[in-house]
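Under this note's numbering, think of the first position of the sequence shown as 167, with each following residue one higher.
Ideal Cβ placement from N, Cα and C applies to all residues, glycine included.
Taking it in order: structure first as structure tokens, then the write-up.
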Amino acid sequence: MHRGSESLPYGMYFGASQIHREVPGFSASLVTPTLRAEEVPLHTHESASFVLVLSGNYLSSADGAAPVSFGPTLIFNPAGTVHRDSFDLPHGRFLAVSISNQSLGVARDWAVLPGAAVAFASGAGLDLALRLAQECALPGPASGAAMEALCWELLSTLSGVGLWPDQDRDSTPSWAGRARELLQDRSSDSLQITEMAQQLGLHPVYFARAFRRVFRCTPGEYRARCRLRDALTLMQDPSLCLSEIALSAGFFDQSHFSTSFRKHFGISPQIYRRQRHAHRASSEVQFIQEQT
């Protein structure tokens, strides 16, 4: 560390945290700046991190960064990067994601990560980071699994897709069926990306990216579909209340269940249940079963 520079610990950044989320191996915060550029001290971060500039005029010394970034920009800072990156004025918003030393070590088992700060103003990494920011802003814990998968995908994109052969691109990989079974069998618990990848004999950086290519969604989103499938079956029993159905299907509570249900089907579970009893129609059940 340079003499006179301040060291910020894991998960800490200059600014006011509006939303903070902890997911396995990563710490994410939506932050607004509170200091002018000239007020930000020379500093370093003890952990590697991603910074996604969402709005405001951002000044960065990262390789590939514009002198002043006006639009969305993704920046990767290795652990120990000494800089004074900041907003020109204390106006703007950014997503900050700290990568735990354990997750970084796992990634480096297979991946070659940049040794210096680097910025991206376009591409797959920026798209993933923007989606991660959307998930982070969602209320409650429902998006945690999706955030975890997106963080691993970010590391995969950063390291380059050429690290692994593309033999799975035109065919379904051999592990896909087992992955489907794991998520269906354990839809009610919090199966983590690293644990799932270990059971499949895969690296989590590869697994998170390849899963999306095969199933067109993250493992967390697939698990949410499995939970909804189970909930729809339980809803056929009129003696069960929605809170009981939510817990039995693996949701955190009835609010989590209702939010997920409305996101997928466009109506609340209460309205769906009334419509089902009125019309004896269950097209949503067929949809979910086809997806899983």
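Residue from P244, L413, I185 whose Cα sits closest to the Cα of A285: P244
Per DSSP, T198 is paired with what? A182
Beta-carbon spacing of E301, L316 below 8 Å: Yes.
By how many angstroms is the C-alpha of I265 removed from the C-alpha of D419? Pairing D419 with I265, the inter-Cα distance amounts to about 29 Å.
Can you find the residues in the same chain that come closer than 6 Å, C-beta to C-beta, to H257, ignoring five residues on each side of it along the sequence? G222
For the alpha helix (DSSP H) containing E361, list its first residue and its last residue. 359-366
What would DSSP say about L394, mapped onto helix, strand or coil? helix
Check each candidate in V189, L348, S353 and name the one with the smallest Cα separation from S269. V189
So is E387 buried or exposed if we call it buried at 16+ other beta carbons inside 10 Å? buried
Where does Y438 fall in DSSP's three states? helix
Please say whether S235 and A203 have beta carbons closer to each other than 8 Å? no
Straight-line CA distance for S414 to L201? 47 Å
Determine whether the beta carbon atoms of R391 and M313 lie at a separation below 8 Å. no
Unbroken beta strand (DSSP E) run spanning N492, endpoints: Lying before the first or after the last residue shown, residue 492 is absent from the chain, which here runs from 167 to 458.
Does the segment 402-411 come within contact of the segment 363-373, defined as at least 3 CB pairs closer than 8 Å? no
For the ligand SAM, any of its heavy atoms closer than 7 Å to the Cβ of H186? Absent from the structure shown: the ligand SAM. Ligands present: none.
Which residues bound the alpha helix (DSSP H) around H418? Looking at the sequence itself, residue 418 is Phe, so the reference to His does not match. Taken as a continuous stretch (DSSP letters only), F418 belongs to no alpha helix (DSSP H), as it is neither H nor E.
With H, G and I counted as helix, E and B as strand and the rest as coil, what does DSSP make of V219? strand
Beta-carbon proximity of S213 to S195, cut-off 8 Å: no
Cα-Cα, which of P175, P199, V206, L366 is closest to D193? Rather than Asp, the amino acid found at residue 193 in this sequence is Ser. The residue with the shortest Cα to Cα distance from S193 is P175.
Spatial neighbours of D275 in its chain, beta-carbon cut-off 8 Å, leaving aside the 5 residues before and after: H369
Are the beta-carbon atoms belonging to A376 and L321 less than 8 Å from one another? no
Which term fits A232, buried or exposed, when burial requires 16 or more other beta carbons within 10 angstroms of its beta carbon? exposed
Residues near H209 by beta carbon distance below 8 Å, same chain, minus five either side: S171, E172, S173, L174, F180, V248, H249, R250
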